[in-house]
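Going down the list, the sequences are from chains A and B. Per this note's numbering, numbering of the first sequence is gapless, rising by one per residue and ending at 183. Per this note's numbering, numbering of the second sequence is gapless, rising by one per residue and ending at 1151. Each residue gets a CB set at the ideal place from its N, CA and C atoms; glycine is no exception.
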Amino acid sequence: MDVKITEPTTPFPGSVHETPGGGIVLSALDDVINWARSNSLWPLVFGTSCCAIEMMSVAAAKYDFSRFGFEVFRASPRQADVIIISGTIVNKMAPVLKRLYDQMPEPKYVIAMGACATSGGPFFYNTYSVVKGADHIIPVDVYVAGCPPRPEALLHALISLQEKIKSGMTREQIKSTLAEDGK
Amino acid sequence: MENDALLNSLQTSFPDAACAIGSDWPEIDIDGSDLLTLIQKLRYDEQWTFDYLFCETCVDWKTHFTMVYHLSSTKHRHSVVLKAKLDHDKPQIESLVGFYKTADMLEREVYDLMGIEFLNHPDLRRLLLTEDWVGYPLRKDYEDPINMIRL
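Below you can see the structure in the form of structure tokens.
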């Protein structure tokens, strides 16, 4: 059986110069730190509804986000790097979400998965209990559309987050760059 | 008992009540004031033994409320639905806590979201919403200008 070895999606940021008796690595420290960070992002066990089922499926064998360094769900916010808001956030849950986010160590990232976490989704109109978008409570890095999103969509969001981290820019810097490009 | 046999026995025993086969089970339209005497028979009469209240809900029809009780028998494996019409301005009905312990939580939920007053309920206070909540959010005429965006 042929085994194909594919190139890693994120090669080491820098160059290696072979010399007799060893090699020299040339890189920038920031790039190495961001590269390391982006390839070891541990999500928090947090799910409030049906999106969480899709998220579990992404963690399970078929989609397996360990391949990209998301590895293991952490049950404690103190060990987590990223929180995937998978599901509806109601007014009663909002302070809990805020507290979990505050307990996560820096640097921390947030993915709003699905319509509810993005805008309240199907609960935008005529409801007394739902927060209309998780970004009313905590800052969000990546939004995923869908109700619920396909596992591939969440994988894409996770990889987008990695690229965002590797770019080394803050939200504000990314926004101003996009504004300069006229987007 | 099968649905048809159950319906027959109910009609024979309660000739005043309107009985019919609903979508799944026999349904009895009752008057709210008859609830306790009816439940007493349904719960303890050997031929029915409705010992399990598996659902207790309320419907807001704008002109009136309807309390809906789903009863089941773990002995005979049959089910029945009771429906009681309530006044919209002052919705009151007797509590079933004396017959079914589970009615405690179910009635607190209905009270919380629909504002039905259950007479002789031992602990009638809000279940899901905060204690200081004003109004009953599952009523059709509920307005909340802060949280609600009207379509």
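Which class does Met1114 (chain B) belong to by DSSP, given the choice of helix, strand or coil? Here Met1114 (chain B) sits in helix by DSSP.
Is the CB-CB distance between Val45 (chain A) and Ala94 (chain A) below 7 Å? With respect to Ala94 (chain A), Val45 (chain A) sits apart: the two C-beta atoms are not nearer than 7 Å.
Quick check on Glu71 (chain A): does DSSP put it in helix, strand or coil? DSSP places Glu71 (chain A) in coil when its eight states are reduced to three.
By the DSSP assignment, the beta strand (DSSP E) with Ala59 (chain A) in it spans what residues? Taken as a continuous stretch (DSSP letters only), Ala59 (chain A) belongs to no beta strand (DSSP E), being part of the alpha helix (DSSP H) at Cys50 to Ala59.
Cβ of Leu1138 (chain B) within 7 Å of any chain C Cβ: Given the protein chain composition of this structure (A and B), no chain C is represented.
Is the beta carbon of Leu1113 (chain B) sitting closer than 7 Å to the one on Gln1092 (chain B)? No, the pair does not count as a contact, with Cβ atoms beyond the cut-off.
Extent of the continuous alpha helix (DSSP H) run through Ile1093 (chain B): First-last for Ile1093 (chain B): Gln1092 to Glu1094, but that is the beta strand (DSSP E), not the alpha helix (DSSP H).
Below 7 Å CB to CB, which residues in the same chain sit around Tyr1136 (chain B) once its five sequence neighbours on both sides are set aside? Excluding sequence neighbours, Tyr1136 (chain B) sits near Leu1113, Met1114, Gly1115 and Tyr1142.
Min CB distance Asn184 (chain A) to chain B below 7 Å: Residue 184 (chain A) falls outside the range modelled here, since chain A spans only 1 to 183, and no answer is possible.
Leaving out the 5 sequence neighbours to the left and right, which residues in its chain are closer than 7 Å to Lys1062 (chain B) when beta-carbon positions are compared? The answer, listed in chain order, is Lys1140.
Please give the ranges of any alpha helix (DSSP H) in the stretch 91-155 of chain A, keeping only runs that are unbroken, at least 4 residues long and fully inside the region. Considered as a whole, the stretch 91-155 of chain A harbours 94-103 and 114-119 as its complete alpha helix (DSSP H) runs of no fewer than 4 residues, in chain order.
Neighbour-count burial assignment, Ala28 (chain A), 16 or more Cβ in a 10 Å radius: Burial call: exposed.
Bridge partners of Thr88 (chain A), per DSSP? Answer is none; Thr88 (chain A) lacks a bridge partner.
With DSSP run on the structure shown, which of helix, strand or coil describes Gly1032 (chain B)? In the structure shown, the three-state DSSP call for Gly1032 (chain B) is helix.
Is it a yes or a no for the stretch 1036-1050 of chain B touching the stretch 143-154 of chain A, going by three-plus beta-carbon pairs under 8 Å? Taking a cut-off of 8 Å for Cβ pairs, the stretch 1036-1050 of chain B and the stretch 143-154 of chain A do not touch, as fewer than three such pairs fall below it.
Opposite Ala1020 (chain B) in the DSSP bridges: which residues? Ala1020 (chain B) is bridged to B:Glu1027.
From Tyr101 (chain A) to Pro77 (chain A), what distance separates their C-alpha atoms? Distance between the alpha carbons of Tyr101 (chain A) and Pro77 (chain A): 7 Å.
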